[in-house]
Ligand SMILES: NC(=O)c1ccc[n+]([C@@H]2O[C@H](COP(=O)([O-])OP(=O)(O)OC[C@H]3O[C@@H](n4cnc5c(N)ncnc54)[C@H](O)[C@@H]3O)[C@@H](O)[C@H]2O)c1
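As structure tokens, then:
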């Protein structure tokens with residue numbers, strides 16, 4: 019039996035506490051240290067177990083030399099903490115978005131490459147079992163060509179998040195899932211955004227994204243809705259998939275006319291709906307197991323730095339479009355951030 023991988027978590031807030039919980043009982047992993055600037059959060063994450071807790075990343079890295087580190091500090095601090103962890107030789111999972119800006123993300127990616135360590139990004143929705151099943155069905159060609167993807171991710175304002183707006187905080191989830199499902203890149207975006215809660219950042223947002231291959235994406239994302247919804251529809255020529263992320267459910271609404279006419283897209287009529295059985299699992303657990311396996315095998319990052327930067331570039335293009343009221347080419351943002 020190989021030795022368990024020495025894991026650590028830096029940042030033990032609402033998401034980091036979950037990383038610590040999951041890594042505590044992940045086979046093949048030993049949680050050897052946690053750190054947070056807030057000692058109460060350190061104590062809570064340790065929960066009386068003999069795991070050393072630290073007030074900062076530098077001390078944790080120096081004293082415990084972990085092989086894999088989850089970086090779950092506020093987004094503005096991703097770069098500083100990721101660079102420290104990489105310099106200490108750790109393999110790194112940095113929460114989404116990869117960084118607060120594209121230049122910062124590029125510095126993290128270059129440092130990881132130069133140090134020869136694995137860098138992955140916490141685009142957790144890829145590990146939702148309903149998305150894995152949808153990806154499998156789309157790759158098999160069920161539904162035929164994709165015409166449109168529509169993501170809705172709404173809920174109440176999280177008062178702890180002050181460093182970025184809703185596009186950077188929640189947008190990367192849906193941008194990443196759309197790119198992942200289609201295996202295609204977004205070329206151009208247009209957005210309308212508003213700021214109603216006085217943080218200086220946008221909290222209400224509607225965006226449109228155009229894929230190179232012709233599919234269109236709609237993003238309906240905000241922090242102003244008094245109920246949580248996280249859903250995705252993928253409209254194809256031969257039917258429409260519907261995912262509810264929280265319920266981990268996947269349904270397919272068949273376009274009966276297309277099915278009856280053997281592939282021709284002459285018309286649309288309502289056909290039968292099928293709900294697929296999904297074996298539910300906690301997406302964070304699946305994500306951290308994939309991180310563990312990649313570190314153990316020296317394999318590719320489950321979600322690459324390129325993926326993290328591509329999602330961030332689209333988010334930045336959407337922010338720019340929301341401010342200017344003009345469509346923005348993603349290439350412009352990526353080339354001159
Ligand atoms: N993948 C997901 O679904 C998901 C969900 C929530 C948050 N996140 C991401 O996780 C990150 C953290 O978000 P959160 O909601 O947990 O925020 P949070 O504010 O609840 O937690 C951040 C924690 O970092 C600690 N911290 C701040 N500076 C530090 C430092 N220099 N060293 C050590 N600890 C420090 C804070 O004390 C706090 O406990 C963000 O990047 C966010 O985008 C991802």
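Residue numbers (our numbering): 19 to 355. Here a beta-carbon is modelled for each residue, glycine too, at the ideal position from N, C-alpha and C. Model, not experiment: these values are computed from the prediction.
Asked, Found
"Sequence-distant residues of the same chain with beta carbon closer than 7 Å to residue 274, five excluded per side", "287, 288, 289"
"Cα-Cα separation between residue 195 and residue 186, rounded to whole angstroms", "15 Å"
"Bridge-paired residues (DSSP) for residue 226", "208, 236"
"Residue 342 beta carbon near ligand 1 (any heavy atom closer than 7 Å)", "no"
"Under the three-state DSSP convention, the category residue 88 falls into", "strand"
"Rounded distance between the beta-carbons of residue 340 and residue 205, thought under 8 Å", "Actually they are not in contact, since the Cβ atoms of residue 205 and residue 340 sit about 18 Å apart, beyond 8 Å."
"Nearest-angstrom Cα separation, counted from residue 26 out to residue 32", "16 Å"
"Secondary structure of residue 198, DSSP reduced to three states", "helix"
"As assigned by DSSP and simplified to three states, the class of residue 33", "coil"
"Those residues which DSSP pairs with residue 139 across a bridge", "112"
"Nearest to residue 161 (by Cα), restricted to the options 184, 256, 198, 74", "256"
"Whole-number beta carbon distance between residue 152 and residue 268, since they are thought to touch under 8 Å", "6 Å"
"Residue from 48, 188, 35, 44 whose Cα sits closest to the Cα of residue 54", "35"
"Residue 170 beta carbon near ligand 1 (any heavy atom closer than 7 Å)", "no"
"Proximity winner among 232, 294, 241, relative to residue 261 (alpha-carbon distances)", "294"
"Supposed contact pair residue 110 and residue 89 - C-beta distance, whole angstroms, cut 8 Å", "6 Å"
"Cβ-Cβ distance between residue 108 and residue 84 below 8 Å", "yes"
"For residue 351, the nearest candidate out of 332, 343, 342 (CA to CA)", "332"
"Check whether residue 304 and residue 145 have beta carbons under 8 Å apart", "yes"
"Distance CB(residue 98)-CB(residue 69) smaller than 8 Å", "no"
"Residue 295: CB within 7 Å of a non-hydrogen atom of ligand 3", "With respect to small molecules bound, the structure shown includes ligand 1 and not ligand 3."
"Sheet register partners of residue 262 (DSSP bridge)", "249, 267"
"Same chain, Cβ closer than 7 Å to residue 313, neighbours up to 5 away in sequence not counted", "23, 85, 86, 109, 136"
"Closer than 7 Å: residue 261 CB and nearest ligand 1 heavy atom", "no"
"The stretch 174-182 touching the stretch 239-246, judged by at least three CB pairs closer than 8 Å", "yes"
"Cβ-heavy atom distance, residue 86 to ligand 1, below 7 Å", "no"
"beta-carbon residue 95 near ligand 1 non-hydrogen atom, thresh 7 Å", "yes"
"8 Å contact criterion, which residue 320 and residue 44 should meet: CB distance rounded", "That pair is no contact at about 14 Å."
"DSSP three-state assignment for residue 72, whether helix, strand or coil", "strand"
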